[in-house]
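Okay, so here's the structure we're looking at.
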Amino acid sequence: MIRSLLVAGLAAGLALCATGCAGIPPLPPQATSPDAAASVPRTADVAETEAPEEPAYVTDEATDPAVLAQLDYVLAYWSDYNDEEWGVLEGNDCVNFTSQALAVRGWEQNDDWYHGGDPYASSPTWRSSTAMRDWLMTRPDLATPLDDSRRDEVQLGDIVQFDWDVSGDRDHTGIVTRIERGDDGVKVYFAGHTLDSDYRDVDVAITEEHPGAAVYYWRLAD
24 MIRSLLVAGL
34 AAGLALCATG
44 CAGIPPLPPQ
54 ATSPDAAASV
64 PRTADVAETE
74 APEEPAYVTD
84 EATDPAVLAQ
94 LDYVLAYWSD
104 YNDEEWGVLE
114 GNDCVNFTSQ
124 ALAVRGWEQN
134 DDWYHGGDPY
144 ASSPTWRSST
154 AMRDWLMTRP
164 DLATPLDDSR
174 RDEVQLGDIV
184 QFDWDVSGDR
194 DHTGIVTRIE
204 RGDDGVKVYF
214 AGHTLDSDYR
224 DVDVAITEEH
234 PGAAVYYWRL
244 AD
C-alpha cells in the first residue's frame, strides 16, 4: 500500500515538473525537422537595405569683388527695401531692384539706362522687364542672352527673366544668388522683389508656381 502511494506521488511530481517546476514555464516547442528549422530566419540570411543617397551638389562661390558687392546688396534689401535711395514701383518693383543691384555691381548709368530720382521717372530699361531685355539685346558688351538649355553657363550675379504666359514678353526679373551643380544637372536660385525672395528656385517657379513658363538668363560680362 505504502509503495503504491510512493509511486503515485512520484508520478504526480514528474507530471508537475513537465508543466513548470518551481514556477518556471516550460520551453516552447522546438523545431524537430529540417523543414521546420529552415523556416526560422537567421540574421545572416536577412538582406540589409540602405536608404538611397541624395544627389551630391557643389555650390558655386563668388570671388569677384563686384559680384560680391552686388550679392551683398541683393541679400540685404530683398525684403527690407532701400526705398529712401531708390524708391519703389508698387506691385512691380522687380526690375527697379535688379537695376539697383547692377548699379552696385558697377554698371554706369547712361541715356539709355538710368534712375531718374524715383523709379517712375526712370528710363523704361531701368524699370521694365521687356524694355530691359530689348536694351540688353543691343549691348553684347554688357550681357549675353542664354536660354534654359544653356543653364550650365549661368553664374552668380547674372540676370534671370521669366515669361510666365509664354507670350513673348518678359514678366519678371531677378538676380541669381545661388547655383548648385551635380550629376543630376544645375539648380539655379534667384532673389527679387514682387514676389520678395532671396533664394527662389527657378524650377519651382516654372513648374509649380507658373506651370509651362519660360525662363531666360543674361550672362553678365566680367
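Residue 114 in the numbering used here is what sits at position 91 of the sequence shown, and the numbering runs on without skipping anything.
Ideal Cβ positions, reconstructed from N, Cα and C, are used throughout, including at glycine.
| query | result |
| --- | --- |
| Under the rule that 16 or more other beta-carbon atoms within 10 Å means buried, what is residue 172, buried or exposed? | exposed |
| Taking all protein chains shown into account, decide if residue 180 is buried (16 or more other Cβ within 10 angstroms of its Cβ) or exposed. | buried |
| Would you mind sorting residue 110 into buried or exposed? The rule is 16 or more other CB atoms within 10 Å of its CB. | buried |
| Would you list, in sequence order, the uninterrupted alpha helix (DSSP H) runs of no fewer than 4 residues that lie entirely inside the segment 122–208? | 147–150 and 152–159 |
| Pull the bridge partners of residue 224 from the DSSP assignment, please. | 212 |
| In terms of residue numbering, what span does the alpha helix (DSSP H) encompassing residue 237 cover? | Run containing residue 237: none in the alpha helix (DSSP H); it sits in the beta strand (DSSP E), 237–243. |
| So, is residue 134 buried or exposed, given that buried needs 16 or more other C-beta atoms within 10 angstroms? | exposed |
| The alpha helix (DSSP H) spanning residue 96 covers which residue range? | 88–100 |
| Helix, strand or coil for residue 251 per DSSP? | Limits of the chain in this structure are 24 at one end and 245 at the other, which puts residue 251 out of reach. |
| Just to check, is the beta-carbon of residue 198 closer than 6 Å to a non-hydrogen atom of the ligand ATP? | Ligands displayed in this structure: none; no statement on the ligand ATP is therefore possible. |
| Comparing C-alpha positions only, which one of 151, 95, 230 and 114 sits nearest to residue 122? | 151 |
| For residue 217, which of helix, strand or coil comes out of DSSP? | coil |
| What is the C-beta distance between residue 207 and residue 194, in whole angstroms, given that I count them as a contact (C-beta under 8 Å)? | Actually they do not touch by this definition, with Cβ atoms about 28 Å apart. |
| What's the gap between the Cα of residue 238 and the Cα of residue 192? | 11 Å |
| Smallest Cα separation from residue 182: which of 219, 145, 232 and 118? | 118 |
| Out of curiosity, what's the CA-to-CA distance linking residue 175 and residue 235? | 20 Å |
| In terms of alpha-carbon separation, which member of 232, 198, 209 and 241 lies closest to residue 101? | 198 |
| Taking only three categories from DSSP, how would you classify residue 232? | helix |
| My output table needs one value for residue 106: the three-state DSSP class, helix, strand or coil. | helix |
| For a test of the three-state rule: what should DSSP assign to residue 115, helix, strand or coil? | coil |
| Taking buried to mean at least 16 other C-beta atoms within 10 Å of its own C-beta, is residue 116 buried or exposed? | buried |
| Just the C-alpha distance for residue 96 and residue 83, rounded to the nearest angstrom, thanks. | 18 Å |
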